[in-house]
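In my numbering, the protein residues as written are 58 to 362. Here's the structure we're looking at; comments come further down.
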Amino acid sequence: YGFPESHAASFALIVYASAYLKCHHPTAFYAGLLNAWPLGFYHPATLVKDAQRAGVEVHSVDVNRSGWRCRWEDGGIRLGLRWVHGLKKAAGERIEEQQGESLFTDPSDLAQRCRLSSDHLERLAHVGALSSFGLSRRKALWQVAEVAGRNKPLFERLAPEEDSPLEEMSSIEETMADYGGLNLTTGPHLMHYFRPELNRRGVVPTNRLKDCRNGQVVKVAGAVIVRQRPGTAKGFVFLTMEDEVGTVQAIIKPDLYRQHRQLIVTSPLLLIEGPLQISDGTISVKARRFEKIQGEAFVKSHDFH
């Protein structure tokens, strides 16, 4: 008895400390979780959205403001350069070091002072990390291409052309660029763009489920962020789904899981229909019907761990 008791006590202490930090110091709490990743249960994309719902302002990556790790900035969180796919730690640390000398003025200045490759510059431009130069993403990509074309001693003092013939990214293109280049976004959640169609189909946003009655058949939809099949749950599967306003858990019976296993395991975006279960303030949906939402998704899930 003493063994599980001691473990329960130590776990309770961790839970209490975590809950206290989340309640009273949410910025430090979420910054710590992001910096500790890949330790932890939830993917950074989910942590960022949860932080925003908790009132924490999360700023995206910026070469003039981001360190390699997440930073505290004006009461919020500035995401670190480590989240930019393909950016080596050495390159990120050179950027952080040069920030102490003076702010970067344009892509050419950044490239020369930090010895960045054209690939690094393109990755930074693609996720909006050059916005402090007053450049949109497409204009930044255009200037980065100009810098790469002038990467010879004869032309190194020539400034890049400011005018870009490229159309600006739409909001959804920026969101997809974020998920593709950072695996997360500080902008609109992916499900935000599906909401008009979901509303037409009677799909309930997760923050409205509390207004429904226990046992009411509802439709919910979201990105699947957790898939669990505990060994003690007699074959039941539990999904955690996230939309633009919150999360909800779906409970799947063993026979339904076997019948729809391929869809449940492989679909990043799902629509689920079933009766609502409300117990002690916890809301879940007993899944009866499943439907894959057509659309590309980069939101990562935590599966069967």
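Backbone N, C-alpha and C define an ideal beta-carbon position, used for all residues, glycine too. As the structure is a prediction and not an experimental result, all values here were calculated from the model.
C-alpha gap between residue i and residue j, whole angstroms
i    : j    : result
L25  : E301 : The chain is shown from 58 up to 362; residue 25 falls before or after that span and cannot be answered.
E231 : K343 : 35 Å
L313 : R345 : 8 Å
I71  : L78  : 11 Å
A66  : Q200 : 57 Å
G97  : K145 : 23 Å
R270 : L255 : 20 Å
K106 : V322 : 23 Å
R38  : G292 : Residue 38 falls outside the range modelled here, since the chain spans only 58 to 362, and no answer is possible.
Segment limits, alpha helix (DSSP H) that includes residue i
i    : result
V204 : 194-206
K106 : 101-110
R151 : 146-156
R365 : No answer is possible for residue 365: the residues shown for the chain start at 58 and end at 362.
E179 : 175-183
Min CB distance residue i to chain D below 8 Å
i    : result
R128 : In the structure shown, chain D cannot be found, because there is only a single protein chain.
Presumed contact (8 Å Cβ cut-off) between residue i and residue j, rounded CB distance
i    : j    : result
S189 : D119 : 5 Å
I229 : Y250 : 5 Å
R195 : V141 : In fact, because the Cβ distance is near 18 Å, the residues do not count as touching under 8 Å.
W125 : G149 : 4 Å
L198 : H177 : Actually they do not touch by this definition, with Cβ atoms about 13 Å apart.
L223 : Q273 : In fact, because the Cβ distance is near 48 Å, the residues do not count as touching under 8 Å.
Any non-hydrogen atom of the ligand NAD closer than 7 Å to residue i Cβ
i    : result
G149 : This structure simply doesn't include the ligand NAD, nor any ligand for that matter.
Continuous beta strand (DSSP E) stretch holding residue i: start and end
i    : result
Q285 : 274-285
G238 : Element bounds for G238: not the beta strand (DSSP E) but the alpha helix (DSSP H), 228-239.
G133 : 133-135
What are the uninterrupted segments assigned as beta strand (DSSP E) that are 3 or more residues long and contained completely in the segment 290-355, given in chain order? 294-299, 304-309, 326-336, 339-343, 346-349
Touching or not, the segment 153-163 and the segment 270-285, by the rule of three or more beta carbon pairs under 8 Å? no
Touch test, the segment 98-111 against the segment 240-255, Cβ-Cβ under 8 Å, three pairs minimum: yes
Inspect the CB distances between the segment 315-335 and the segment 266-280 and report whether three or more fall short of 8 Å. yes
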